[in-house]
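In the UniProt record's numbering, the protein residues as written are 1 to 544.
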């Protein structure tokens, strides 16, 4: 499923990839292989990068270029995606399998070029093959360009905080069993902060991650939600948080007792060590507003003041919202506004040339002879956008286009739902979805408004949505069915947040805007708790 642009200049693509670098050049080696880790009283082998979980961090300044040589020493093909990096005119290294490239075969290596442009803050990288990203992921730290600084006082120190899922079982076996049966995925056994479940879990007290802080100083926490499915609340006992950025773009400061962060999102958060010198738990617990199974666990780490004080008993925990507290979730997520300063201006698209309305649903996929166990009727669970579920081609879409192989995809992905109904009310339409490898064709420079519409088909829930190759402006959200006559009147066109990942409210809608000015094959992906990820791709037709 994808968007295609026509752009003259294919013969100059090579120069565009290598001649426009403005900053420094960095080189990294990623060795993907099985490593042994012990958590929750048991040891298992799992796929990692450079024997670390989370994986190695990439550090750059705004405008730099990175070359990562990925050595796949695992047992199956894999790709790496640079989540939130726009990859201007370089779709070949974006990473989603069968969209911009085929998986890197086991026993081979592949060098990817990552071009940083306007991003500044925190992003992350992860595997983009099946569920490999559960253990193959890490942070990308993007400092201000040389000669510039943060739009807030420089913090005394900083720390990356990666939230992740932990399975006692082999993650790929969990994935393969669910795909084979068509049933929902098993939930994780724990969450982790920087690779450790924390003291609330068995065999974990001595390994809990600790962040030493100096009293009176302010620290920048670079928080990443790398968890497979669950949106998370996060807080630090007796400490206030100030959000200053998300998805590598600055925001107006948000003061809060907690944050809510969806899978794929990143947030830059300031915290000042202004409490009595002691030990304080930082903790993360899930938010879920659906009937689907989820991991209802709390992961912890310790904020520890430097000094000779002993740990209190008990160490205080933050008070986080309940797992189904939709009011708390909405109250936080609707606070985001772009900084929109002279040093960090924004440009919100106003003159829309392409409107897309896209329903987001949980569906069923028919299994011949009732041969699947995903439902009582013998069908499998699936996901769809405008009642279309993505089918992987034999060759990645970008390569297929450049080789004029138009048998791998079609250009008839619908710009609106094929059937209009009360999307968020009683369902009186089929719950079965169509399947195909379909794309939407866009002209270069088109100004796009895309409205995601959640539905009550299947199991309604809050959906994380991510767009590759672009940042976009979240100009509006709401509950119920989108009304194209009245809802745009309430759009924020002054300082909407510029992001790459959003939360689509349960039985609600979200409107985003962007300019189609980055030729390439890019995808819109979403993560759900109990069925395969459905990918919608935007493809640029490069004409010579």
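Note that the Cβ used here is the ideal one computed from N, Cα and C, for glycine as well.
Residue i burial status per 10 Å Cβ neighbour count (16 or more: buried)
{"i": "residue 420", "result": "exposed"}
{"i": "residue 210", "result": "exposed"}
{"i": "residue 291", "result": "exposed"}
{"i": "residue 355", "result": "exposed"}
{"i": "residue 498", "result": "buried"}
{"i": "residue 394", "result": "exposed"}
{"i": "residue 86", "result": "buried"}
{"i": "residue 241", "result": "buried"}
Unbroken alpha helix (DSSP H) run spanning residue i, endpoints
{"i": "residue 293", "result": "Element bounds for residue 293: n/a, residue is neither H nor E."}
{"i": "residue 329", "result": "326 to 333"}
{"i": "residue 401", "result": "397 to 402"}
Collapsed DSSP secondary structure at residue i in the structure displayed
{"i": "residue 178", "result": "helix"}
{"i": "residue 43", "result": "strand"}
{"i": "residue 242", "result": "strand"}
{"i": "residue 513", "result": "strand"}
{"i": "residue 64", "result": "coil"}
{"i": "residue 29", "result": "strand"}
{"i": "residue 549", "result": "No answer is possible for residue 549: it lies beyond the span of the chain, which begins at 1 and ends at 544."}
{"i": "residue 21", "result": "Interpretation of residue 21 is limited by its pLDDT of 46, a score under 50 that renders its predicted location unreliable; no figure is taken from the coordinates."}
{"i": "residue 457", "result": "coil"}
{"i": "residue 384", "result": "strand"}
{"i": "residue 519", "result": "coil"}
{"i": "residue 286", "result": "strand"}
{"i": "residue 487", "result": "helix"}
CB of residue i within 8 Å of CB of residue j, strictly
{"i": "residue 447", "j": "residue 353", "result": "yes"}
{"i": "residue 65", "j": "residue 114", "result": "yes"}
{"i": "residue 63", "j": "residue 145", "result": "yes"}
{"i": "residue 522", "j": "residue 472", "result": "no"}
{"i": "residue 272", "j": "residue 218", "result": "yes"}
{"i": "residue 167", "j": "residue 189", "result": "yes"}
{"i": "residue 417", "j": "residue 357", "result": "yes"}
{"i": "residue 160", "j": "residue 231", "result": "no"}
{"i": "residue 279", "j": "residue 315", "result": "yes"}
{"i": "residue 134", "j": "residue 40", "result": "no"}
{"i": "residue 424", "j": "residue 490", "result": "no"}
{"i": "residue 30", "j": "residue 53", "result": "no"}
{"i": "residue 453", "j": "residue 360", "result": "yes"}
{"i": "residue 77", "j": "residue 103", "result": "yes"}
{"i": "residue 317", "j": "residue 226", "result": "no"}
{"i": "residue 143", "j": "residue 61", "result": "yes"}
{"i": "residue 235", "j": "residue 320", "result": "yes"}
{"i": "residue 136", "j": "residue 55", "result": "yes"}
Limits of the unbroken beta strand (DSSP E) element including residue i
{"i": "residue 406", "result": "No beta strand (DSSP E) contains residue 406, which DSSP labels as neither H nor E."}
{"i": "residue 252", "result": "249 to 256"}
{"i": "residue 225", "result": "218 to 225"}
{"i": "residue 354", "result": "354 to 365"}
{"i": "residue 419", "result": "No beta strand (DSSP E) holds residue 419; DSSP gives it neither H nor E."}
{"i": "residue 150", "result": "Neither: residue 150 is in no beta strand (DSSP E) and is coded neither H nor E."}
{"i": "residue 463", "result": "463 to 467"}
{"i": "residue 302", "result": "299 to 305"}
Nearest-angstrom beta carbon gap, residue j and residue i [assumed within contact, 8 Å]
{"i": "residue 305", "j": "residue 277", "result": "4 Å"}
{"i": "residue 84", "j": "residue 128", "result": "With 8 Å as the limit, residue 84 and residue 128 do not qualify as a contact, their Cβ atoms being about 13 Å apart."}
{"i": "residue 187", "j": "residue 295", "result": "4 Å"}
{"i": "residue 396", "j": "residue 99", "result": "6 Å"}
{"i": "residue 547", "j": "residue 391", "result": "For residue 547 there is no data in the structure shown, the boundaries of the chain being 1 and 544."}
{"i": "residue 287", "j": "residue 366", "result": "Going by Cβ atoms, the distance from residue 287 to residue 366 rounds to 33 Å, so no, they are not a contact pair."}
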